[in-house]
Structure formats: C-alpha cells, structure tokens
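First the structure, in the form of structure tokens, and then the observations on it.
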Amino acid sequence: MTIDKSILSFLKNYSYDVEQINRLITSAFCKENDLVNTKNQLIRNLLINDSNRKEILALDNLCKLFEKTKQAFNFECLIELFEFVISPNDKIVNGAVYTPKYIRQFIVQEALGKAEKPKSATACDVACGCGGFLYEYALLLHRNTNKSLTGIIRENLYGIDITEYSIERTKILLSLLAISNGEDRQEYHFNLYVGDSLEFDWFEVDDNIKNNGGFQYVFSNPPYVGSSNLDDQTKKLMANWSVASTGKLDLYIPFFEIGLKWLRDGGILGYITVNNFYRSLNGRGLRKYFSENEFHFQLIDFGGSQVFKSRLTYTCICLITKQTGGIQYTRSLPTEIKSLDSKDYIPLEYADLNDFEGWHLDDLNTKLNISKLENTGQKLGDLFPIRNGFATLRNKIYLINPIREDEDFYYFEKNETRYQIEREVCKEAIKPNILKKEDDIPRFKEKLIFPYTYLDRQNDNLFEESTNRYVKPIDEPTFRRRFPFAYRYLNSQKEELAKRDKGKREYETWFAFGRSQALYISGIKLLFPYISDAPYFVLTEDEDLLFYNGYALVSDSQDDLLFIKRLLMTRIFWYYIRHTSKPYTNDYYALAKNYIKNFSVPHFTDAEKNRIMAYRNKKSLENFLLKKYNITDIDFTS
C-alpha cells in the first residue's frame with residue numbers, strides 16, 4: 000500500500016526512540032480501530048494516557064493526519080509503519096526492508112496450496128522483522144481451519160530476529176490481530192526470540208519442533224547485507240555455513256541453508272530474496288548445495304523489475320520443498336504472479352546446470368544457443384586480457400576538469416577555492432560508462448592527479464629488454480619538493496582521503512589511490528561500461544590513457560580489437576549478455592569480466608575476417624555470424 004507522505008514525515012521527525020514510537024503507533028492504531036479498551040497487558044502498557052502532554056499532542060496530531068489524508072489505518076498500514084520507523088543505520092546493518100502484502104500473501108498461499116493444512120502445521124520466519132509473514136500465515140490458517148488466533152499464536156507461529164524491537168513489534172502486531180478478531184486476552188504465549196539465526200538452535204528451545212523434525216513452513220525476506228556492512232562477528236558465524244564459502248559475503252545466502260536446516264522433510268520454504276545467486280560468484284556454494292540435495296525448487300524471477308520501494312534490489316521468489324525434484328523456472332512481473340500457472344514454468348534438471356559458472360535458467364532452445372555461443376571457438380577471456388579500471392575511492396578529489404591551463408599548470412575550482420596543479424603530475428583519464436563512440440573520448444577526457452612513478456621490474460634475461468613495468472607512489476619528500484601545488488591540494492583533502500575503507504585500511508602512503516589496480520596497462524584498449532542497455536565498445540589508441548568506472552579489452556593489435564568490436568556490437572553478443580548476465584532496471588545488464596569472458600569467438604579465415612569488416616548491413620553480418628555459430632533459431636526480442 001502507499002502511505003501518505005505527510006504521515007511518514009511526521010513519524011520521521013517525531014522520534015527514532017523505540018519505546019516512544021511504539022507507543023505512538025500502537026495508540027493511534029487502537030484509537031482509529033476502537034481497540035483502546037483492551038484488557039491485553041502488552042497493548043495496555045503501550046497506550047498513551049493523560050500523564051504526558053507531549054505524547055497526547057503527538058497522538059492527536061497523528062490521528063488528525065489520518066483523518067485529513069483519509070488514510071485507512073489497517074493492519075497493512077501498521078506493518079509498513081513499523082518497518083518505516085526502523086533507524087536508517089539498522090536498515091543498512093541488518094538488511095531490514097518492508098515486504099509488500101501481495102508478495103507475502105502469494106508466498107504463503109502457494110506454500111499452503113502444496114501441502115496439507117493441519118491445525119498443527121508450524122511456520123517460522125528466520126528473520127521475522129516486524130512479523131508480516133507470520134501475520135499472513137496466521138490469517139490464512141485461521142481462515143482454512145477455523146482455529147483460534149490465540150491457539151495459532153501459541154502453537155503454530157515461530158520467529159526470530161536479531162533486534163529486540165522487531166520481536167516486540169511482532170508481538171504487538173499479532174496481539175492486535177487477535178484482539179481485533181474478538182479474542183481479547185490478558186496475555187498471549189509467543190514463540191518469538193531475539194537472536195542471531197546464524198547460530199540459533201531451534202531444537203534446543205522447543206521439544207515440539209525437535210520431535211517433529213523441524214517446521215512445516217519457513218517463510219522469510221532474508222536480510223540483504225553486503226560484505227562491506229558485515230561486522231567481524233557476523234563474518235565469523237557465516238563461515239560455519241557451507242553455502243557462504245565463495246565470492247564476496249552477502250548475508251542472504253546462508254539464510255537458505257538456515258531455513259532448510261530447520262525445515263522438516265516434505266516441508267516448504269518460501270523466500271523473497273536477491274535473484275543473482277544463480278549466476279553470481281558468491282552463489283557458487285549455494286548452487287552446489289541445491290544441486291547436491293536436489294530439492295524441488297520453484298523459482299519466479301523478477302529480472303530487473305522492482306519490488307521494494309526503498310531499495311534498488313533485483314529479486315525473485317523461491318519456493319523450495321524439502322524433497323527430491325528438479326527446478327521449475329519462470330520470469331514474471333511482480334504484479335503478474337497471481338496469474339501464473341503450471342504451463343508458464345520451464346522444467347530443468349540440476350544435472351543440466353553448471354554450478355560453478357552459473358545457472359542459465361531459460362528455455363531449452365535458449366540454453367542450446369547459449370551453449371553454442373560459449374563453445375564455438377576460443378573464449379573472449381582467453382583471447383584478450385579483460386582489465387578493470389583504476390579505483391581511487393575518492394574520484395572527486397583526484398579527478399579534475401580544468402577551467403584553464405598553461406605550459407606548467409592546470410587550474411580548477413573546488414568548493415569555491417581555486418587551485419593550480421602541476422601538469423607533470425597529471426595524466427589523462429576517461430570514464431567508459433559514458434562513452435558511446437570514439438568521438439566522445441576528446442569531449443569527456445579528464446585530468447587525473449597521479450602521484451606515482453613508473454619502474455621496471457628486474458629482468459633475469461640480460462638479452463631481453465624489460466617491459467614488465469609497475470608503479471609505486473612517489474615518496475612524500477620528493478612529492479612535496481617536485482609538485483608543491485599538487486601536494487598542498489591533496490594535503491588539504493587529507494581528512495577526506497582518510498575516510499576511505501571506513502578508515503580501517505593502511506595505505507602505502509596517505510595520498511595513494513584506494514586500490515593499486517590498473518595504474519599501468521600497456522596496449523591499445525577497447526573500452527566498455529560496467530553496465531549498459533546496449534553494446535557500446537570504444538577503441539582508443541592512446542596507450543597512456545587511464546580509465547575508471549568501466550573495463551577494457553587490451554591488445555597490441557589495433558586490427559584485432561577493431562575486428563572483435565564488430566562482433567561485440569551485434570545483437571548476437573547482446574542476446575548472450577541478456578541471457579547470462581546480471582539484470583538491472585530499465586533493461587540494463589552487467590558487463591563484468593565473469594559475464595563476458597566465456598563468450599566464444601569462432602575461427603575465421605582471413606577472407607572471412609575481411610568479409611566481416613566489409614559488411615555495411617548489420618543484419619547481413621549477423622546472419623553470417625549465426626551460421627558460424629550454427630544457430631538456426633534465435634529471438635533477439637526475448
């Protein structure tokens with residue numbers, strides 16, 4: 000649902016104090032829904048009374064906003080408000096995000112539709128947040144079995160969250176649900192725990208769960224927390240889970256293994272989660288885990304379509320039954336999931352998928368085409384080095400756009416201060432992410448302050464000239480003496496430079512770039528962006544030109560790069576990317592090394608190469624290339 004911005008703004012400015020905000024939201028809900036006379040002790044303790052004039056005023060103002068905006072203060076509004084008032088810092092560290100009702104409802108209904116619906120069926124949310132999935136399950140079980148909500152809360156619902164206030168809000172939500180349905184009790188018995196799912200043992204806290212071999216259902220929206228926001232204790236605990244063994248750590252990945260560990264045989268797991276585990280490097284361990292266990296897996300991929308308003312996250316729904324089976328895969332818009340039926344799913348066997356390189360979850364004809372595009376000739380990554388650009392970690396400091404220049408200096412302004420920098424300490428740089436054609440390079444070149452010197456590595460062969468060059472930072476006294484203006488400028492930015500890597504990493508010297516990569520790349524370069532909505536490859540013969548926010552194929556041969564550019568600028572290559580790479584919103588796709596390195600280049604005779612370079616009609620060129628790949632049926636629009 001969409002809550003009026005004036006209500007959200009009011010709450011944002013009111014307080015992030017957990018007790019204060021819980022009291023305000025709970026009191027407003029009870030007032031708007033005539034529940035203030037409850038005898039439930041938890042809710043009564045939260046109701047604002049006449050003793051605090053500030054709270055009374057805030058409550059009156061909030062209720063007036065609901066009246067003015069004609070906003071219905073129903074349970075969905077309550078759930079979304081509880082998620083909204085989580086502090087921004089906690090959202091980053093714990094990965095909390097509001098899951099829309101239609102997603103929760105679909106997952107719970109689909110899971111219950113695949114199994115019997117006994118009154119004793121237990122459901123657990125292993126990262127329950129404010130209780131949205133447990134609320135949805137309680138409603139559906141109550142409707143299907145007519146079991147009391149009091150009994151469902153006591154016997155069927157289980158949850159855990161790392162934050163105490165989330166468990167408190169889940170208790171509030173479930174209590175209000177029971178009260179509003181005529182089951183007002185002085186207290187309810189909850190199976191809700193504050194804890195870390197990475198180390199929590201459900202069998203130790205509940206004999207009933209242990210005796211039944213686990214839960215019938217596990218529902219969740221696992222936390223999305225990347226490696227840079229994980230604390231050391233979390234990283235240590237993640238190492239205990241086999242699926243979190245490859246690539247950059249991401250907290251959602253072990254939650255699959257956690258959920259399936261506590262699921263009973265034949266039970267069903269339902270997640271809304273990040274969709275790149277079936278392609279990404281850090282998903283290798285998870286793919287292997289799924290394949291080894293051969294779980295029955297229904298996967299609804301949303302591609303680049305967005306589910307969450309507050310995050311740019313690419314997601315899918317996973318419904319996994321803890322029994323042997325294959326994968327049922329489909330793509331869908333999030334809003335169209337209710338119209339899906341069995342014919343919309345493509346059946347796939349684990350044995351036909353590549354756990355190491357990534358799963359290509361498309362129809363069989365597409366899979367065959369992808370196989371041919373990867374195995375007809377040499378791999379692109381074997382033909383050319385694929386290099387990443389430099390990374391200063393503070394481009395706004397090192398990159399400048401001069402307002403004028405002379406023989407000795409570049410002049411520029413920053414924060415209303417004018418600086419001059421020695422030309423000799425600067426290099427030219429370009430950002431491939433904004434390039435479309437070669438003519439763009441002169442227009443978008445920037446100057447890069449480059450406090451480094453080039454050195455040659457020792458060559459053991461006295462009869463060969465060493466070309467194995469490397470760079471190292473200029474020593475500080477020399478830098479200060481030779482380039483006093485550049486040194487003075489960077490010194491004025493020293494405090495900001497120290498914030499890189501959250502101040503936890505020691506650099507070779509304080510003015511060194513954040514990373515030492517790509518500071519010397521010898522050769523002609525074919526530049527291309529990190530992500531794109533079309534194949535853009537731009538050639539530069541300037542071997543000294545450095546680049547950032549993009550990649551480059553590197554070669555000593557301009558002819559070789561011009562030839563490969565012809566292949567990569569076709570719909571054939573883009574078809575491959577769209578079916579193997581990570582999708583982003585607005586039909587953008589990743590072009591990282593892992594996504595392009597396996598694209599193969601057939602063997603061409605010299606006559607064929609000349610023919611390819613001579614084509615002026617792109618469709619004729621593509622038809623010729625399809626014959627070389629032995630592809631007879633391809634849909635470039637799919």
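The sequence shown begins at 0 in numbering that gives the first Met the number 0 and counts up by one. From the three backbone atoms N, C-alpha and C, an ideal C-beta is built for every residue, glycine too. Since the model is a prediction, treat every value here as computed from it, not as a measurement.
Tyr506 bridges to which residues according to DSSP?
Looking at the DSSP assignment, Tyr506 forms no beta bridge with any residue, so it has no partner.
By DSSP, does Pro221 sit in helix, in strand, or in coil?
Here Pro221 sits in coil by DSSP.
For a test of the three-state rule: what should DSSP assign to Glu373, helix, strand or coil?
Helix at Glu373.
For the alpha helix (DSSP H) containing Arg22, name the first residue and the last one.
Annotation: the continuous alpha helix (DSSP H) that includes Arg22 extends over Val17 to Glu31.
In terms of residues, what are the limits of the beta strand (DSSP E) holding Asn387?
Residues Ile385 to Asn387.
Local conformation of Glu542 per DSSP, three classes:
In this structure, Glu542 counts as coil in the three-state DSSP scheme.
Mind checking Ile433: buried by the 16 CB within 10 Å criterion, or exposed?
So Ile433 counts as exposed.
Beta-carbon within less than 6 angstroms of Ile257's beta-carbon, same chain only, minus the 5 sequence neighbours each way: which residues are those?
Val125 and Ser196.
Closest Cα partner of Ile385 within the set Cys29, Asn48, Leu590 and Ile78:
For Ile385, the closest alpha carbon among the candidates Cys29, Asn48, Leu590 and Ile78 is that of Leu590.
Could you check where the alpha helix (DSSP H) with Ser179 kicks off and where it finishes?
Unbroken alpha helix (DSSP H) run through Ser179: Glu163 to Ser179.
Give me the Cα-Cα distance between Asn609 and Leu447, rounded to the nearest whole angstrom.
Approximately 39 angstroms between the Cα atoms of the pair.
Hey, Leu156 and Ala122: beta-carbon distance below 8 angstroms or not?
Yes; because the gap between Cβ atoms is below 8 angstroms, this pair is in contact.
Report yes if the CB atom of Arg393 is closer than 8 angstroms to the CB atom of Glu495, and no otherwise.
Contact flag set, yes.
Any idea what DSSP makes of Phe623, helix, strand or coil?
If DSSP states are grouped into helix, strand and coil, Phe623 belongs with the helices.
Assigned secondary structure, Asn48 (DSSP; H/G/I helix, E/B strand, else coil):
Asn48 falls in the coil class under three-state DSSP.
Compare the beta carbon distance of Pro472 and Pro450 with 8 angstroms and say whether it is the shorter of the two.
A contact, by the Cβ cut-off of 8 angstroms.
Output the boundary residues of the alpha helix (DSSP H) element that contains Cys76.
Its alpha helix (DSSP H) spans residues Phe74 to Phe83.
Compute the distance between the beta-carbons of Arg417 and Asp354, then report whether it is under 8 angstroms.
At least 8 angstroms separates the beta-carbon of Arg417 from that of Asp354.
Output the distance between the C-alpha atoms of Gly130 and Lys146, rounded to the nearest integer angstrom.
Rounded to whole angstroms, Gly130 to Lys146 spans 19 angstroms at the Cα level.
For the segment 509 to 527 against the segment 552 to 562, do three or more pairs of beta-carbon atoms, one drawn from each stretch, fall closer than 8 angstroms, so that the two count as touching?
Segment contact: the segment 509 to 527 against the segment 552 to 562, three or more CB-CB distances shorter than 8 angstroms; contact assigned.
CA nearest to the CA of Asp543, picked from Leu173, Val17 and Gly388
Out of Leu173, Val17 and Gly388, the CA that lies nearest to the CA of Asp543 is found in Gly388.
Cutting at 8 angstroms between CB atoms, please list the residues of its own chain near Gly376, excluding the five before and the five after it.
Excluding residues within five positions, the ones whose Cβ falls inside 8 angstroms are Ser599, Val600, Pro601 and His602.
Residue burial classification, Leu332 (beta-carbon count within 10 angstroms, cutoff 16)
Counting the other CB atoms within 10 Å of its CB gives Leu332 a total below 16, which places it among the exposed residues.
Distance CB(Ser119)-CB(Leu64) smaller than 8 angstroms
No; because the gap between Cβ atoms is not below 8 angstroms, this pair is not in contact.
Just to confirm, are Phe255 and Leu285 a CB contact at a threshold of 8 angstroms?
In this structure, Phe255 lies near Leu285, with their beta-carbon atoms less than 8 angstroms apart.
Integer Cβ distance of Ile271 from Ile106, believed to fall under 8 angstroms:
Going by Cβ atoms, the distance from Ile271 to Ile106 rounds to 7 angstroms, so yes, they are a contact pair.
Apply the 10 Å Cβ neighbour rule to Lys581 and answer buried if 16 or more other Cβ atoms are within range, or exposed otherwise.
Lys581 comes out buried.
Lys444 (DSSP reduced to helix, strand or coil)
In the structure shown, Lys444 falls within a coil segment according to DSSP collapsed to helix, strand and coil.
Since Pro645 is in the beta strand (DSSP E), which residue starts that stretch and which ends it?
Residue numbering for the chain in the displayed model covers 0 to 637; residue 645 lies beyond these limits and cannot be assessed.
Tyr101 versus Ala606 - alpha carbon distance
The alpha-carbon atoms of Tyr101 and Ala606 are separated by roughly 58 angstroms.
My guess is that Thr176 and Phe74 are in contact by the Cβ rule of under 8 angstroms, so how many angstroms apart are they, rounded?
First, the amino acid is wrong: residue 176 is Leu here, not Thr. Confirmed, Cβ separation roughly 7 angstroms.
Continuous beta strand (DSSP E) stretch holding Phe294: start and end
Its beta strand (DSSP E) spans residues Phe294 to Gln305.
In the DSSP assignment, find the unbroken beta strand (DSSP E) run with Ile473 in it and report its ends.
Where Ile473 is concerned, there is no enclosing beta strand (DSSP E), because DSSP gives it neither an H nor an E.
Touch test, the segment 564 to 575 against the segment 400 to 409, Cβ-Cβ under 8 angstroms, three pairs minimum
Taking 8 angstroms as the limit for Cβ pairs, the verdict is that the segment 400 to 409 does not touch the segment 564 to 575.
Exposed unless 16 or more other CB atoms sit within 10 angstroms - verdict on His188:
Residue burial annotation: His188 is exposed, with fewer than 16 other C-beta atoms found within 10 angstroms of its C-beta.
CB Tyr13 to CB Ala71, shorter than 8 angstroms?
No, these two residues do not count as a Cβ contact at 8 angstroms.
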